[in-house]
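Heads up, the numbering used here is the position in the sequence shown plus 1266, with the first residue counted as 1. Glycine included, each C-beta is placed from N, C-alpha and C at the ideal position. Accompanying notes for the structure given below.
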Amino acid sequence: MGDKLDKLPVSRKRRTTISGGSSLKTNGKKSGCENNVDNSTTTHTVTNKTHVKTAQVAGKPTKEKGRYEAPYDKLRCHRLQESLLSSASGYSNYRGILNWCVVMLVLSNARLFLENLIKYGILVDPIQVVSLFLKDPYSWPALCLVLVSNVFILAALYIEKRLSMGFFSERVGFWLHFFNLSMILCFPVALVLMVRSMTPVHFLITDPIGGVFALTVYTILFLKLYSYKDVNKWCREIRHARARTLARSQSFPMAHKANGDAVQAHVTYPGNLKHRDLYYFVFAPTLCYELSFPRSPRIRKRFLLRRLFEMLFFIQLLVGLIQQWMVPTIQNSMKPFKDMDYSRIIERLLKLAVPNHLIWLIFFYWFFHSSMNFVAELMQLKEPTERMFISTPPGDREFYRDWWNSETVTYFWQNWNIPVHKWCIRHFYKPILKRGTSKWAAQTAVFLASAFFHEYLVSVPLKMFRPWAFMGMMSQIPLAWFVGRFLRGNYGNAAVWISLIIGQPVAVLMYVHDYYILNYEETPVAGMA
């Protein structure tokens, strides 16, 4: 019995000790065979104090290898833990909050759409749009203007053929191209301003549609033929450089061999100067010319039909949203602008921002994804597997990148329209840098050119010259500086989204207001006079 009593305190000590091991052992040995209840209480108190101290100072887990939890630790329900919404918690799964935002967005827009239906009734009429173009089927100035663009295409091909043969110098070729490209921009402007209406449509907003379509085609043609001119000039420079070092000419197409078998040769200069080659480039969904575009062996019919269905569906959706949502809101905004009621103007602006932004997003998907992929598939255009001697970014199907994740304004403009961005870098930005211009000045020049074309595509069809589109583009320069310097991460992304949601309806209301005043307010006054 004496031996058992001697061993009892030691066994109790080993079961209750968690941390502070050596000190508790000493206390256990000194206490001997004193009262078991007092010894247990004392041991538990010391253990709890030591446990708290160890957890607070060392930050180690309470349960260590070879030791056991104290009985009181099993009853605890609190531990060190940050709130989930705190940045220190490391929590990142906000899927439920994102779903909540989507549900709230759908419900709020559903309320606005229901309010619109109750107030105006059903205004969507797809047949009306078709019938407007059939009222005068023999008078489509916009379509005639597009067909005339073939003259400028053939002129560019003729100039390049004569340059390749050495009929006239590079200087003469430069001025001929300059005149041809200048006429591409000036000729449609003169015709749009002379013709009363570019479409048989005679009501607010849709009247300049034909002019916008024609000028857009001519702007795209200008950029394409400018790239065509530059690439062929670079080819001539390479040919002259090779002629100085090689005994035989490298100007004609050659078939290279792989493992003794002949493979399809890439077209080389001047073998590319053909009507078929140029017209393929004119219709291809790219603005940067190449001598040899990579082609896929077949057309994927299912892919083509999906893109065609998307094109037809989304164009109908766009027309319906414009008729049902945009037009009434814009028409109701004229009176606050006329009375200069700023509170009502702001209310109209915010009300217009939702449908305008929704239409812009749908248009982006319709044009950059559905339409351009449809054309690319139809022309069997695929992503290149090898690079040409002229450096170009890879990926002919890369029409856009993740602009929705933009944390800076510059990133947005570099990624939302890849064909235009590639053209600007290849034919405008880099040539300016090669002349010794600073990067900031080159970027400013790019924004100036973009602002000019934005104003060109809006003011000319409306037949009124207002600087709103130009100022909107140039305001991107200070906005880009501010966002890049003071905002980061999610704050920068939010700033980009706000500029897109608010900036566009501001420009829309300014142009519509001025168009309304010029065409619907001044005419009665002139008649009375």
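{"Item": "For Arg1754, the three-state DSSP class (helix, strand or coil)", "Value": "coil"}
{"Item": "Straight-line gap, Leu1238 to Phe1547 (C-alpha atoms, nearest Å)", "Value": "Because the chain here runs from 1267 to 1795, residue 1238 falls outside it and cannot be looked at."}
{"Item": "His1720 vs Met1737 beta-carbon contact at 7 Å", "Value": "no"}
{"Item": "DSSP three-state assignment for Leu1647, whether helix, strand or coil", "Value": "strand"}
{"Item": "Validate contact between the stretch 1666-1674 and the stretch 1753-1764 using beta carbons, cut 8 Å, 3 pairs", "Value": "yes"}
{"Item": "Environment of Leu1429 [buried if 16+ CB atoms lie within 10 Å]", "Value": "buried"}
{"Item": "Reduced DSSP secondary structure (H/G/I, E/B, other) of Arg1701", "Value": "coil"}
{"Item": "Leu1350 versus Arg1342, His1344, Asn1359, residue with shortest Cα-Cα distance", "Value": "Asn1359"}
{"Item": "Cα-Cα separation between Tyr1722 and Pro1407, rounded to whole angstroms", "Value": "19 Å"}
{"Item": "Where the alpha helix (DSSP H) containing Tyr1386 begins and where it ends", "Value": "1361-1386"}
{"Item": "Extent of the continuous alpha helix (DSSP H) run through Cys1452", "Value": "1436-1460"}
{"Item": "Expected contact under 8 Å - CB spacing of Ser1493 and Tyr1535 to nearest Å", "Value": "With a Cβ gap of about 15 Å, Ser1493 and Tyr1535 do not count as contacting."}
{"Item": "Through-space distance from Leu1775 to Pro1594, alpha-carbon basis", "Value": "12 Å"}
{"Item": "Residue(s) in a DSSP beta bridge with Arg1561", "Value": "Leu1647"}
{"Item": "Same chain, Cβ closer than 8 Å to Ile1628, five either side skipped, listed in chain order", "Value": "Phe1580, Leu1583, Leu1584, Leu1587"}
{"Item": "Cβ pair count under 8 Å reaching 3, the stretch 1445-1454 against the stretch 1694-1710", "Value": "no"}
{"Item": "Per-residue burial, Cys1343 [other beta carbons within 10 Å of its own, 16 or more giving buried]", "Value": "exposed"}
{"Item": "Beta-carbon separation (whole angstroms), Gln1646 vs Ser1562, contact threshold 8 Å", "Value": "5 Å"}
{"Item": "Alpha helix (DSSP H) segments (min. 4 residues) lying fully within the stretch 1663-1702", "Value": "1675-1681, 1684-1690, 1696-1700"}
{"Item": "Residue from Leu1371, Lys1340, Cys1410, Pro1771 whose Cα sits closest to the Cα of Glu1613", "Value": "Pro1771"}
{"Item": "Simplified DSSP state of Ala1389, which is helix, strand or coil", "Value": "A small fix is needed here, since residue 1389 is Leu in this sequence, not Ala. Leu1389 falls in the coil class under three-state DSSP."}
{"Item": "Distance between Phe1640 and Arg1572 (C-alpha atoms, nearest Å)", "Value": "9 Å"}
{"Item": "Inter-residue spacing [alpha-carbon to alpha-carbon] between Tyr1782 and Ile1625", "Value": "22 Å"}
{"Item": "4-residue-minimum alpha helix (DSSP H) runs that sit fully inside the stretch 1542-1596, ordered along the chain", "Value": "1567-1587"}
{"Item": "Spatially closest choice to Ala1773 from Pro1733, Leu1753, Phe1488, Met1370, by CA coordinates", "Value": "Pro1733"}
{"Item": "Rounded C-alpha distance that separates Ser1745 from Leu1714", "Value": "According to the sequence provided, residue 1745 is Leu. The question's Ser does not apply to it. When rounded, the distance between both Cα atoms is 15 Å."}
{"Item": "Buried versus exposed call for Ile1764 [16 or more other C-beta atoms within 10 Å across all chains shown]", "Value": "exposed"}
{"Item": "For Ser1558 and Ile1857, the rounded distance between their alpha carbons", "Value": "Given a span of 1267 to 1795 for the chain in the structure shown, any question on residue 1857 remains unanswerable."}
{"Item": "The stretch 1361-1373 in contact with the stretch 1434-1447 per 3-pair CB rule at 8 Å", "Value": "no"}
{"Item": "Proximal residues to Leu1574 (C-beta, below 7 Å), its chain only, five neighbours per side dropped", "Value": "Phe1640"}
{"Item": "Buried/exposed call for Trp1500, threshold 16 Cβ in 10 Å", "Value": "exposed"}
{"Item": "Beta-carbon separation (whole angstroms), Trp1632 vs Met1577, contact threshold 8 Å", "Value": "6 Å"}
{"Item": "Start-to-end residues for the alpha helix (DSSP H) that takes in Ile1612", "Value": "1608-1630"}
{"Item": "Pairwise C-alpha distance: Asn1622 and Phe1603", "Value": "18 Å"}
{"Item": "Integer-rounded CB distance, given that Arg1566 should sit under 8 Å from Glu1643", "Value": "6 Å"}
{"Item": "Backbone CA spacing between Ala1708 and Phe1678 [nearest angstrom]", "Value": "18 Å"}
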